[in-house]
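Enquirer: Dropping a structure here in structure tokens format, bear with me for questions.
There are 2 protein chains.
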Amino acid sequence: MTLQEGKDKFIQSWGTLGSNWGINRTMAQIHALLLISPEALSADDIIEELKISRGNANMNIRALIDWGLVYKELKPGERREFFVAEKDMWEVVKNIIIQRKKKELEPMLRVLDELSSVEGEDEQTQMFTEVIKDIKLFSSKADSTLDTLIKADSNWFVGTFMKMIK
Amino acid sequence: MTLQEGKDKFIQSWGTLGSNWGINRTMAQIHALLLISPEALSADDIIEELKISRGNANMNIRALIDWGLVYKELKPGERREFFVAEKDMWEVVKNIIIQRKKKELEPMLRVLDELSSVEGEDEQTQMFTEVIKDIKLFSSKADSTLDTLIKADSNWFVGTFMKMIK
DNA sequence: TTTTTCTTTCAAAAAAAACTGAAAACATCC
DNA sequence: GGATGTTTTCAGTTTTTTTTGAAAGAAAAA
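First to last, the protein sequences are chains A and B. At position 100 of the first sequence the residue is numbered 99 (numbering that gives the first Met the number 0), and the sequence of numbers has no breaks. At position 136 of the second sequence the residue is numbered 135 (numbering that gives the first Met the number 0), and the sequence of numbers has no breaks.
Here it is as structure tokens:
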């Protein structure tokens with residue numbers, strides 16, 4: 000396999016993976032491209048490489064920066080912006096956890112709290128309350144586990160977790 | 000909040016959560032409906048409750064069964080099928096992990112293996128190989144960690160994980 | 001066997017999500 | 001100040017995903 004074929008395959012696979020997880024294909028592809036790029040790329044480099052429009056590129060680069068997966072890099076004497084990806088996989092995963100926890104787990108916990116205010120004596124209500132309580136317990140545990148995970152350092156997952164868990 | 004309001008809110012929130020994670024809204028809503036339903040529901044019950052078409056209901060019920068999140072229940076003397084949700088959250092999460100691992104993590108590992116066959120001495124290639132190696136290492140660790148997790152029993156997560164991790 | 005009841009399939013329609021491109025905004029240089 | 005290079009925005013378009021509904025298929029009942 001040539002380098003170019005390998006790159007293309009990686010970009011395409013990463014894009015597919017992303018889209019299965021509710022991240023848009025282009026965003027994941029830009030991330031992939033930057034991951035395997037030895038130097039920082041400009042918006043134009045990305046546009047050309049992935050054959051996408053300027054608007055699309057801009058929006059998704061911004062989103063990647065918001066997620067903490069890509070950094071802006073300013074080259075001295077250069078007017079335009081360049082971009083580099085965070086290459087440490089643990090940092091990547093950690094940032095994704097932080098974002099999704101904030102955008103999805105925490106709002107869900109708030110909804111579950113509200114749902115505790117449903118009252119009644121009939122079987123339907125009892126059942127409902129019971130299920131909600133279980134989900135809330137589980138979600139809270141997940142929430143605090145993720146907090147602990149986020150605080151753990153870069154090499155912890157790869158190095159220690161397996162030993163602890165065995 | 001009345002029971003009906005609570006149910007509606009839960010169904011809608013669960014649907015939104017699902018669609019953020021690449022699971023279609025209707026599938027998540029059917030799951031939510033069954034989760035909070037004290038008895039098994041027929042396809043018609045689901046169609047009526049969620050105001051969806053028969054085809055849509057059927058497809059998503061099948062998908063939920065494939066994922067191991069819903070079971071078919073046959074009532075004696077009844078011709079049509081009834082459905083119940085798996086209510087144990089740990090089982091739910093475990094089944095989702097099993098499915099996504101099989102459909103996404105494992106294929107990605109295979110692609111990463113193929114990508115190891117890219118060869119060359121230049122900086123571009125070195126960099127590419129390095130990044131792929133890192134991702135592969137990380138993914139393999141994730142894969143075996145998830146295997147361990149899947150084997151763990153129902154109460155392990157809620158009961159023990161926090162102590163081990165602290 | 002024929003009828004009835006229920007389930008599955010799938011082409012077409014609708015809805016949702018993503019993308020484009022051109023114009024506006026912004027920034028730097030002269 | 002104006003000219004030039006770069007980024008951002010967003011209405012309209014395209015693409016992708018989801019949903020519908022009607023027809024075909026299956027299984028039980030008559």
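Idealized CB from N, CA, C, for every residue including glycine. Predicted model, so just to flag it, every value in this text is computed and none were measured.
Please list the terminal residues of the continuous alpha helix (DSSP H) segment that includes A/Phe127.
Expert: Looking at the DSSP string, the run of the alpha helix (DSSP H) that includes A/Phe127 is Glu122 to Lys150.
Enquirer: Return the CA-CA distance between A/Gly21 and B/Glu80, expressed in angstroms with no decimal places.
Expert: For A/Gly21 and B/Glu80, the distance between alpha carbons rounds to 32 angstroms.
Enquirer: How is the alpha helix (DSSP H) around A/Ala42 delimited, first residue to last?
Expert: Its alpha helix (DSSP H) spans residues Ala42 to Leu49.
Enquirer: Could you tell me whether the Cβ of B/Asn19 comes closer than 7 angstroms to any Cβ of chain A?
Expert: For B/Asn19, the answer is yes, since a Cβ of chain A falls inside 7 angstroms of its Cβ.
Enquirer: Report the residue ranges of all alpha helix (DSSP H) runs contained in full by the region 46–95 of chain A; include only those spanning at least 4 residues, in chain order.
Expert: With a minimum length of 4 residues, the continuous alpha helix (DSSP H) runs that stay inside the region 46–95 of chain A are 53–65.
Enquirer: Quick one: any contact between the region 139–152 of chain A and the region 42–56 of chain B, if contact means 3 or more CB pairs under 8 angstroms?
Expert: At 8 angstroms Cβ cutoff, the stretches do not touch.
Enquirer: Distance cutoff 7 angstroms, beta carbons only. Does B/Thr25 sit that close to anything in chain A?
Expert: Output row for B/Thr25: interface = no.
Enquirer: Between A/Lys162 and chain B, is there a C-beta pair that is closer than 7 angstroms?
Expert: Because A/Lys162 carries a pLDDT of 46, less than 50, the predicted location of this residue cannot be relied on, and the following value inherits that uncertainty. For A/Lys162, the answer is no, since every Cβ of chain B falls outside 7 angstroms of its Cβ.
Enquirer: CA-CA distance, B/Glu38 and B/Ala56?
Expert: If you take the alpha carbons of B/Glu38 and B/Ala56, they lie about 18 angstroms apart.
Enquirer: Taking the continuous alpha helix (DSSP H) assigned at A/Phe9, which residues delimit it?
Expert: Start and end: Leu2 to Asn19.
Enquirer: Count the CB pairs spanning the region 2–13 of chain B and the region 28–42 of chain B that are closer than 8 angstroms, and state whether there are at least three.
Expert: Contact between the region 2–13 of chain B and the region 28–42 of chain B is present, because at least three Cβ pairs lie under 8 angstroms.
Enquirer: Between the Cα of A/Arg99 and the Cα atoms of A/Asp112, A/Asp43, A/Asp146 and A/Leu73, which residue gives the shortest distance?
Expert: Looking at the Cα atoms, A/Asp146 is the closest of the given residues.
Enquirer: Kindly indicate which three-state DSSP category B/Val117 falls into: helix, strand or coil?
Expert: Coil at B/Val117, not helix or strand.
Enquirer: Would A/Ile64 be called buried (16 or more neighbouring beta carbons within 10 Å of its own) or exposed?
Expert: A/Ile64 is exposed by the Cβ-count criterion.
Enquirer: Please list the terminal residues of the continuous alpha helix (DSSP H) segment that includes A/Leu34.
Expert: It spans Arg24 to Leu34 - the alpha helix (DSSP H) in which A/Leu34 sits, taken as one unbroken run.
Enquirer: Can you give me the C-alpha to C-alpha distance between B/Glu72 and B/Arg78, rounded to a whole angstrom?
Expert: Going from the Cα of B/Glu72 to the Cα of B/Arg78 covers about 11 angstroms.
Enquirer: Is there a Cβ of chain B sitting closer than 7 angstroms to that of A/Val130, yes or no?
Expert: Chain B, which has a Cβ nearer than 7 angstroms to the Cβ of A/Val130, makes this yes.
Enquirer: Does the beta-carbon of A/Leu136 have 16 or more other beta-carbons within 10 angstroms, so that it is buried, or is it exposed?
Expert: Exposed is the call here.
Enquirer: So, helix, strand or coil for A/Glu103, using DSSP?
Expert: Helix at A/Glu103.
Enquirer: Are the beta-carbon atoms belonging to B/Gly17 and A/Val117 less than 7 angstroms from one another?
Expert: In this structure, A/Val117 does not lie closer than 7 angstroms to B/Gly17 by Cβ.
Enquirer: Go through its chain and collect everything with a Cβ distance to A/Ile131's Cβ below 7 angstroms, but skip five positions before and after it.
Expert: So the qualifying residues of the chain are Leu111, Leu114 and Ser115.
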